[in-house]
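Just below is one structure, and these are the notes that go with it.
Numbering (the working numbering), first residue to last: 3 to 377.
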């Protein structure tokens with residue numbers, strides 16, 4: 003194989019300079035939608051759609067409290083965890099709460115629907131989680147009892163699993179905001195907020211709006227999903243903590259309990275990648291992709307593992323598979339460009355860098371300058 007002078011130096015420099023290039027990936031840069039509203043405008047648009055939800059025990063004493071979203075005239079969507087253990091329920095805006103009846107539930111997705119006759123408010127406009135990208139601005143809105151709705155602004159951190167994906171965000175919420183809405187910059191509902199505490203760390207997620215639609219239709223689209231959601235939240239917490247041994251053990255246990263979990267295998271692969279067990283990582287990613295072929299992050303991570311094993315042709319194919327699914331995946335363009343450069347193909351490397359420029363001009367220019375020119 004032809005040796006490219008200076009490529010080791012280039013690779014080390016790129017790994018430091020390009021925040022987009024890493025084993026796990028990072029935020030994508032995506033254009034702001036033309037119709038994007040300000041945070042204040044989104045809040046004004048959706049505040050009448052978000053309600054307080056209360057769970058009461060058999061004696062009528064408040065047991066738990068959270069938020070919900072009005073999705074039709076008398077129907078409120080919330081997280082089943084908000085209602086857990088309740089004998090009766092109430093929902094409403096401000097101090098005006100009305101009795102609510104549990105009308106549909108899907109414990110697998112942690113989404114419950116309440117019928118609340120006489121509730122006031124404006125049903126939310128449904129969006130979709132499918133168009134979200136990491137880095138997109140989102141607004142979480144909840145309704146703590148006895149006060150005006152509260153908002154929290156953040157961005158999409160990662161899209162986990164799916165499709166549709168569990169949405170990980172940077173928008174912090176309180177327990178009383180859990181079950182409330184996550185909205186895009188056009189004021190459309192994209193998910194129901196939830197959180198996960200792990201030691202001193204708190205992670206923020208949203209259950210995708212598509213799951214609400216399935217419950218509303220009486221469907222149960224993903225048997226075992228609730229277990230999957232809880233397993234997934236814990237895996238993300240271990241990943242955030244950098245506990246790769248713990249993540250590997252968790253993934254193995256998860257995989258044993260849910261034999262068809264592509265996400266469990268994906269996290270086993272991620273843990274193996276960080277522990278430099280590259281053959282194990284390749285095996286886990288390939289098994290995950292056999293179940294869910296359209297998982298761009300898994301293809302990208304498989305490419306990283308192949309690169310570490312110096313299986314460059316396989317790495318190139320894996321990066322390209324990731325890019326067929328997500329053409330704006332900056333990490334995959336960087337990986338592809340660097341791999342082409344390492345194999346003595348500067349023309350193809352520069353082509354990848356030019357594609358990267360469409361999404362990340364600054365880092366694309368850095369990469370272009372580091373690719374040796376053909377002599």
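Backbone N, C-alpha and C define an ideal beta-carbon position, used for all residues, glycine too.
Shown here, residue 251 sits in a helix according to DSSP, grouped into three states. Residue 245 and residue 129 have their C-alpha atoms some 35 angstroms from each other.
Counting only runs that start and end inside the segment 86 to 141, the beta strand (DSSP E) elements of at least 3 residues fall at 90 to 95, 98 to 108 and 113 to 117. Residue 210 and residue 313 have their C-alpha atoms roughly 37 angstroms apart. Per DSSP, residue 294 lies in no beta strand (DSSP E) segment and is marked neither H nor E. For residue 304, no beta strand (DSSP E) run applies; the uninterrupted alpha helix (DSSP H) run containing it begins and ends at 298 to 310, by DSSP.
Only residues of its own chain outside the window of five on either side were considered, and among them 332, 335, 336, 339, 365, 366 and 369 have a CB closer than 8 angstroms to the CB of residue 358, listed in chain order. At a Cβ-Cβ threshold of 9 angstroms, residue 179 and residue 87 do not count as neighbours. Here residue 142 is near residue 185, since their CB atoms are less than 9 angstroms apart. Using a 10 angstroms sphere on the CB of residue 191, the tally of other CB atoms reaches 16 or more, which defines it as buried. At a Cβ-Cβ threshold of 9 angstroms, residue 79 and residue 56 do not count as neighbours.
Residue 202 and residue 239 have their C-alpha atoms roughly 11 angstroms apart. Shown here, residue 234 sits in a helix according to DSSP, grouped into three states. Only exposed fits residue 122, as fewer than 16 other CB atoms lie within 10 angstroms of its CB.
No Cβ-Cβ contact shorter than 9 angstroms links residue 114 with residue 71. The C-alpha of residue 204 lies about 28 angstroms from the C-alpha of residue 59. Residue 267 is classed as buried because its beta carbon has at least 16 other beta carbons within 10 Å across all chains shown. For residue 327, the CB contacts under 6 angstroms within the same chain, skipping 5 residues up- and downstream, are 296 and 298 in chain order. If you draw a 10 Å sphere on the C-beta of residue 283, you find 16 or more other C-beta atoms in it, and that means buried. Contact between residue 318 and residue 351 does not hold, since the beta-carbon distance rounds to 11 angstroms and is not under 8 angstroms. Membership of residue 175 in any alpha helix (DSSP H) is not indicated, and neither H nor E is assigned to it by DSSP. Apart from sequence neighbours up to five positions away, the residues of its chain that approach residue 66 with a beta-carbon distance below 8 angstroms are 56, 57, 84, 85, 86, 87 and 88, ordered along the chain. The beta carbon of residue 264 sits closer than 6 angstroms to those of 290, 293 and 294, all from its chain and outside the five residues before and after it, given in chain order. For the set 152, 188, 237 and 354, the Cα lying nearest the Cα of residue 195 is the one of 152.
Nearest in C-alpha terms to residue 109, of all of 232, 156 and 262, is 232.
Just measuring C-alpha positions, the residue of 214, 160, 275 and 236 sitting nearest residue 256 is 236. Distance between residue 104 and residue 116, taken at the CA atoms: about 5 angstroms. Note on geometry: alpha-carbon atoms of residue 275 and residue 269 lie some 10 angstroms from one another. If you ignore the 5 residues before and after residue 126, its C-beta comes within less than 7 angstroms of the C-beta of 48, 51, 71, 72, 73, 183 and 191, all in its own chain and listed in chain order. Here residue 270 carries a helix assignment [DSSP, helix/strand/coil]. Closest by C-alpha distance to residue 199, out of 174, 272, 213 and 303, is 174. Distance between residue 308 and residue 355, taken at the CA atoms: about 20 angstroms.
Rounded to whole angstroms, the separation of the alpha carbons of residue 193 and residue 138 is 14 angstroms. The beta carbons of residue 212 and residue 146 sit no closer together than 9 angstroms.
In the structure shown, residue 283 adopts helical secondary structure according to DSSP, grouped into three states.
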